[in-house]
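As structure tokens, the structure follows; a few thoughts come after it.
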Amino acid sequence: MQQRNLWTVLSLSLLVMAAAVACGGGGDSGGGAAPAATAPAAPAPAAFDPATAGNLTGMVMLDGELPAAEELMMSSDPVCVMNASNTMSSTFVGSNGHLGNVFVYVKEGLEGRSFPAASGTVVLDQQGCRYTPHVLGMRVGQTLEITNSDPTLHNIHATPTANDEFNMGQPIQGMRFEQSFDTAEVMVPFKCDVHGWMNAYIGVLDHPYFATTAEDGMFDINTLPPGDYVIEAWHEQLGTQTQNVTVTTGQTAEVSFTFSAP
Ligand SMILES: [Cu+2]
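As structure tokens, this is what we get:
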């Protein structure tokens, strides 16, 4: 009997030692907080295999009549009057009930994932005394090159709320400077302090899944990880709408939005 008790004690000791070694291998600050402390470092969800991707396509429609584009009054700067090839507002563009210049992006469903940094530069040009493009998207940390193609002074004034505001003049044609944004923000408004009619909007995201509708209202957001998403469509005057959509491997999900004409 004594031998059996000794054997039991030895077995328990070995079990306790084994358990201690196993715990030590995981994260060694001890106590229940250890797993939580190590969790944020786990990069597992970032490993997205493009072979499992699905796509998203859709359109944005306008219920009702597209408002007539307003003429931008550029008479305060004769250089603008001379150089402008298009003096119509970009707020409402579209055709056949479809709406352009709508920013569409994945609002929810990608949390915890990370994606390769964006390559390439996004360009916001000032040409004919308007920002081109009028609505665009870019990534956090990506380079935004702002250029002045006009022989007149522009003053680029970005008014974000989550990022740092900036306000810089470009008095000479051909000038360019670079900016970037540290935080996701939909949308960052741009204006020109010289020409009150100039405006643009940039959607800044920490993932690559966004698009701007063309005048036919269509958009594509491709190579998404399979999953359930909330998709948001933003228009500068008509506000935002969201839709839920499920993306599955090898399939193209469809989603459409309909805004009411003002
Ligand atoms: Cu300007």
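So for the sequence shown, my numbering puts the first residue at 948; every next one is plus one.
Quick reminder that beta carbons are idealized off the backbone N, C-alpha and C, glycines included.
Could you check whether the Cβ of residue i sits closer than 7 Å to any heavy atom belonging to ligand 1?
i: V1194; result: no
i: Q1073; result: yes
i: H1081; result: no
i: V1026; result: no
i: H1104; result: no
i: V1141; result: yes
i: M1145; result: yes
i: H1101; result: yes
Between the options, which has its C-alpha nearest residue i's C-alpha?
i: A1158; options: N1002, P1118, F995; result: N1002
i: G1186; options: T1038, G1174, D996; result: T1038
i: Q1190; options: F1206, T1196, A998, Q1198; result: F1206
i: G1143; options: L1100, P1014, E1112, G1084; result: L1100
i: D1163; options: T1079, G1005, A1000; result: G1005
i: G1174; options: V1194, E1112, P1209; result: V1194
i: A1031; options: M1145, D1111, M1008; result: M1145
i: G1295; options: T1160, D1153, S1203; result: The requested residue 1295 does not occur in the structure, where the chain is confined to residues 948 to 1209.
i: H1081; options: V1202, P1118, V1070; result: V1070
i: V1192; options: P1098, I1149, V1177, Y1148; result: V1177
i: E1201; options: M1029, T1130, I1149, V1007; result: V1007
i: P1063; options: P1155, F1166, G1011; result: P1155
i: G1041; options: M1165, S1203, T1108, V1151; result: M1165
i: P1209; options: T1106, F995, L1009, A998; result: L1009
i: P1107; options: G1197, V1028, A1161, A1147; result: A1147
i: P997; options: S1203, N1169, Q1188; result: N1169
i: D1140; options: Q1117, A1161, F1128; result: Q1117
i: R1086; options: S1066, T1079, H1104, Q1198; result: S1066
i: S1203; options: D1167, G1088, A1000; result: D1167
i: A1161; options: C1027, V1028, F995, G1044; result: G1044
With a cut-off of 8 Å on the beta carbons, I'd call residue i and residue j a contact; round off their distance for me.
i: P1172; j: R1077; result: With 8 Å as the limit, P1172 and R1077 do not qualify as a contact, their Cβ atoms being about 37 Å apart.
i: T1068; j: T1090; result: 5 Å
i: M1035; j: L1019; result: 7 Å
i: G1075; j: N1033; result: 6 Å
i: T1130; j: N1114; result: With 8 Å as the limit, T1130 and N1114 do not qualify as a contact, their Cβ atoms being about 18 Å apart.
i: D1097; j: Q1073; result: 6 Å
i: G1084; j: G1150; result: 4 Å
i: T1196; j: A1000; result: 7 Å
Taking 7 Å as the cut-off, is the C-beta of residue i nearer than that to any heavy atom in ligand 2?
i: I1149; result: The ligand content of the structure shown is limited to ligand 1, which means ligand 2 is not among them.
Check whether the segment 1171 to 1188 touches the segment 1046 to 1061, counting contact only when three or more Cβ pairs, one atom from each stretch, lie closer than 8 Å. yes
Given 8 Å as the limit, is there contact between the segment 1114 to 1125 and the segment 1020 to 1027, that is, 3 or more CB pairs closer than that? no
Segment contact, 8 Å Cβ cut-off, at least three pairs: the segment 1006 to 1022 with the segment 1130 to 1140: no
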